[in-house]
Amino acid sequence: MANTFRYVTPVTPEAATGRIAGVYGQAATDFGLARMPVLMTLSPAPDLLAATWALLRESLVAGPASRTGREVVALGVSVANRCPYCVAAHTTLLHATGDHRLAEVIARGGTPADPGHAALLDWATATRTPGAARPSAAAFPPEHTAEYAGTALTFHFINRMASALLADSMLPGNLHRSRLVRSLGGRVLARTVRRRLPAGESLPLLAERPALPEPAWAAGTPVGTAFAALRTAAGAGGALLGERARATVLETVGGWDGEHPAMGGGWLDGPLAGLPGADLPGARLALLAALAPYRVTDADVAAWRAGHPDDADLVRLLAYGAITAVEGVETSIRRGLPAPSGTGSRPVSPPVSRRASPPSP
Numbered sequence: 022m023a024n025t026f027r028y029v030t031p032v033t034p035e036a037a038t039g040r041i042a043g044v045y046g047q048a049a050t051d052f053g054l055a056r057m058p059v060l061m062t063l064s065p066a067p068d069l070l071a072a073t074w075a076l077l078r079e080s081l082v083a084g085p086a087s088r089t090g091r092e093v094v095a096l097g098v099s100v101a102n103r104c105p106y107c108v109a110a111h112t113t114l115l116h117a118t119g120d121h122r123l124a125e126v127i128a129r130g131g132t133p134a135d136p137g138h139a140a141l142l143d144w145a146t147a148t149r150t151p152g153a154a155r156p157s158a159a160a161f162p163p164e165h166t167a168e169y170a171g172t173a174l175t176f177h178f179i180n181r182m183a184s185a186l187l188a189d190s191m192l193p194g195n196l197h198r199s200r201l202v203r204s205l206g207g208r209v210l211a212r213t214v215r216r217r218l219p220a221g222e223s224l225p226l227l228a229e230r231p232a233l234p235e236p237a238w239a240a241g242t243p244v245g246t247a248f249a250a251l252r253t254a255a256g257a258g259g260a261l262l263g264e265r266a267r268a269t270v271l272e273t274v275g276g277w278d279g280e281h282p283a284m285g286g287g288w289l290d291g292p293l294a295g296l297p298g299a300d301l302p303g304a305r306l307a308l309l310a311a312l313a314p315y316r317v318t319d320a321d322v323a324a325w326r327a328g329h330p331d332d333a334d335l336v337r338l339l340a341y342g343a344i345t346a347v348e349g350v351e352t353s354i355r356r357g358l359p360a361p362s363g364t365g366s367r368p369v370s371p372p373v374s375r376r377a378s379p380p381s382p
């Protein structure tokens, strides 16, 4: 697993204590994996790790919504975001639900035969393009809005962190590309994946955080609590940038059309022009995390590390870029999302990434 990680040295499960150990332990029980590299990359920032796990668990794993349907969304978003690590992982997890043909059809870019799964995949893929995603009547029932929308937003965040901080390959020799290996992996995880878990059990990991405004589409649900916590923890990374650099990131991501940027780094020249030299490494990394995290290079990280040697600062800066993009996706899709039945209608708070609160320990 040593070659899995780029740029950070994570806390291992054996060395974990406190909140980190709590997240790792719950992930092992509820997800079926004793070591989840995508979570381990976040361990230098425990509050960010806990919020990410809470949103992942409450959206994808817990509650009554179809796990197969939610894995379709997770895989569809991961394909749209070009995250090879997450595509491999969630192809395997779709195998674990028992729908082996569906897993392979989506992984190779096909259309599911089942109309409901096809509608979910179309919706999930469209969430990458601002203004395009509107759930159809066949996509998901209103009472499961929090879980399905939460899953999409979870993976828009996780894909970006994984692409920046993990190697593309899950297994040595790219064995994860083998249908047989993915199917066998799914069978190993099948019992855990097919369990129905109670909602809300991750929230004690966030217990010391103050009450935060929740999005209307998930207000009053564990998903809403977890999303608000992640938005705050990741958004606080903006304090690592100067005011002009933050404004540049917000303006650039705000004008994003969902397209993958052109090859090379020329697309960054315009947005970064005029920034002070000290602001360039951080603003560049944040924009890459938001719009093209798979293009983060050793040189980009080294330039930032010259003034910020800690792993925690790198993780928080990338998380700031990632959550800035996620907030744009959430703004785009929420107009078509009904609030979960039986919940309140609390207003959505202003985007946290526009603030500059210091990162929490």
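FYI, in our numbering the residues of the sequence shown are 22 to 382.
Note that the Cβ used here is the ideal one computed from N, Cα and C, for glycine as well.
Just so it is clear, the structure is predicted and the values come from calculations on it, not from any experiment.
Please classify residue i: is it buried, with 16 or more other beta-carbons within 10 angstroms of its beta-carbon, or exposed?
i	result
glycine 291	exposed
asparagine 180	buried
proline 219	exposed
glycine 131	exposed
serine 64	buried
arginine 149	buried
serine 80	buried
arginine 337	buried
glutamate 351	buried
glycine 295	exposed
aspartate 120	buried
proline 133	buried
Measure the beta-carbon distance from residue i to residue j and round it to whole angstroms, keeping in mind my assumption that it falls under 8 Å.
i	j	result
leucine 114	histidine 138	The pair is not a contact, with the Cβ atoms about 15 Å apart (cut-off 8 Å).
glycine 221	proline 236	17 Å between Cβ atoms; not a contact.
leucine 70	alanine 185	Not really, about 15 Å apart at Cβ, beyond 8 Å.
leucine 10	tyrosine 315	Any answer about residue 10 is impossible in this case: the structure gives the chain only from 22 up to 382.
alanine 170	valine 98	11 Å between Cβ atoms; not a contact.
aspartate 321	alanine 266	About 14 Å separates the two Cβ atoms, so there is no contact after all.
alanine 249	leucine 233	4 Å
Three-state secondary structure (DSSP) at residue i?
i	result
alanine 310	helix
alanine 470	Nothing about residue 470 can be read from this structure; the chain reaches only from 22 to 382.
phenylalanine 176	helix
glycine 194	Residue confidence is low: glycine 194 scores 43 on pLDDT, short of 50, so the model does not pin down where it sits. Its coordinate-derived value is still stated next. Note: glycine 194 maps to helix in three-state DSSP.
phenylalanine 52	helix
leucine 227	helix
phenylalanine 26	strand
leucine 251	helix
leucine 262	coil
leucine 187	strand
leucine 358	coil
leucine 296	coil
leucine 218	strand
cysteine 104	coil
valine 317	coil
methionine 182	helix
methionine 57	coil
glutamate 125	helix
arginine 149	coil
arginine 155	coil
threonine 242	coil
valine 32	coil
proline 234	coil
aspartate 334	helix
aspartate 68	helix
glycine 287	helix
glycine 269	Note on residue identity: the sequence assigns threonine, not glycine, to residue 269. Here threonine 269 sits in helix by DSSP.
leucine 77	helix
leucine 63	coil
tryptophan 325	helix
glycine 39	helix
proline 162	coil
Within its chain, find whatever has a CB closer than 7 Å to the CB of residue i; leave out the 5 residues flanking it on each side and keep chain order.
i	result
glycine 194	Caution applies to glycine 194, whose pLDDT of 43 falls short of 50 and renders its modelled position unreliable; the value that the coordinates give is listed next. Answer for glycine 194: no residue qualifies.
arginine 155	Gly357
glutamate 92	His111, Leu114, Leu115 and Thr118
valine 44	Leu60, Leu70, Ala71, Trp74 and Leu226
alanine 55	Pro34 and Ala49
valine 214	Gly53, Arg88, Leu114, Ala117 and Thr118
aspartate 51	Arg78, Val82 and Leu218
tyrosine 28	Leu186, Val322 and Leu335
alanine 86	His165, Glu168 and Tyr169
Taking 7 Å as the cut-off, is the CB of residue i close to at least one heavy atom of the ligand ZN?
i	result
threonine 273	Within the structure as shown, the ligand ZN is missing, as the structure has no ligands at all.
Ignore the nearest five residues each way along the sequence and tell me which others in residue i's own chain have a CB closer than 6 Å to its CB.
i	result
glycine 84	Glu168 and Ala220
alanine 311	Val274, Gly342, Thr345 and Ala346
isoleucine 127	Leu96
threonine 175	Leu76, Leu77 and Ser80
alanine 183	Val59, Cys104, Tyr106 and Cys107
Among residues of its own chain, excluding the 5 on either side of residue i, which ones have a beta-carbon nearer than 8 Å to its beta-carbon?
i	result
tryptophan 277	Pro151, Ala311, Leu312, Ala346 and Gly349
valine 32	Ile41, Met61, Ser64 and Pro65
aspartate 135	Leu123
Is the number of C-beta pairs between the segment 345-359 and the segment 327-334 that are closer than 8 Å three or more? no
Inter-stretch contact (C-beta, 8 Å, three-pair minimum) for the segment 260-270 and the segment 293-308: yes
Does the segment 30-43 come within contact of the segment 164-179, defined as at least 3 CB pairs closer than 8 Å? no
With contact counted as at least three CB pairs below 8 Å, one residue from each stretch, are the segment 279-296 and the segment 248-255 in contact? no
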